[in-house]
Amino acid sequence: MSQPGYDAPVTDAQRPLKVLVYSDDVNTRQQVILALGRRPHPDLPELQYVEVATEPVVLQNMDAGDIALAILDGEAVPAGGMGIAKQLKDEIYECPPVVVLTGRPQDAWLATWSRAEAAVPHPIDPIQLAEAVVGLLRPSVPATS
17 MSQPGYDAPV TDAQRPLKVL VYSDDVNTRQ QVILALGRRP HPDLPELQYV EVATEPVVLQ
77 NMDAGDIALA ILDGEAVPAG GMGIAKQLKD EIYECPPVVV LTGRPQDAWL ATWSRAEAAV
137 PHPIDPIQLA EAVVGLLRPS VPATS
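If you want it as structure tokens, here you go:
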């Protein structure tokens with residue numbers, strides 16, 4: 017006897033959302049993932065993280081088309097997240113939303129130049145990051161009744 021829902025097909029509302037997290041620093045990537053957790057809001061499906069440490073892998077993953085949101089470290093080297101965000105917005109048709117992690121709150125204007133939809137300063141505030149991410153992901157999730 018099967019359990020209820022065990023054989024049920026996975027709907028779009030249940031499918032995890034892929035979130036790309038780019039930084040050359042593994043600690044920064046882990047801070048982002050810990051700050052957001054598996055499900056930052058009950059209206060959203062679970063998040064599945066794609067950790068990336070280099071620009072070419074960011075471009076490869078974004079070109080694949082299954083990323084719902086990208087979080088890019090503006091302080092990463094040698095390729096900073098703001099430059100990558102600008103390139104993604106210029107080159108990818110209907111590019112997913114981008115959050116840039118800035119070195120300080122005063123750098124938010126640079127994130128605007130990069131056409132990122134949101135900027136969150138270091139050190140990462142989990143509440144501020146979750147608000148930005150939820151605000152950007154919620155419109156892409158179909159409403160459920």
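Each residue of the sequence shown is one higher than the one before, starting from 17 at the first, in my numbering.
Idealized CB from N, CA, C, for every residue including glycine.
Among the candidates P112, A95 and W129, whose CA atom is the shortest distance from the CA of V35? P112
When burial is assigned at 16 or more other CB atoms within 10 Å of the CB, is L50 buried or exposed? exposed
Looking only at C-alpha atoms, which of Q76, A135, M98 and R131 sits nearest to A124? A135
Identify every residue that forms a DSSP beta bridge with K34. Q64
Spatial neighbours of Q30 within its chain, please: C-beta separation below 8 Å, excluding the five flanking residues on both sides. P61
Alpha carbon to alpha carbon, how far is L104 from M98? Give it in angstroms, no decimals. 10 Å
Rounded to whole angstroms, what's the CA-CA distance from L88 to L126? Just pull it up for me. 13 Å
Specify the secondary structure class of V116 as computed by DSSP and reduced to three states. strand
Tell me, please, which residues DSSP counts as bridged to I83. Note: I83 sits in no beta bridge, so no partner.
Counterpart residues of P137 in DSSP-defined beta bridges: T118
Pull up the CB-CB distance for L85 and L153, whole angstroms please, since I reckon it's below 8 Å. 6 Å
With H, G and I counted as helix, E and B as strand and the rest as coil, what does DSSP make of D89? strand
Output yes or no for whether 8 Å exceeds the beta carbon distance between L145 and V66. no
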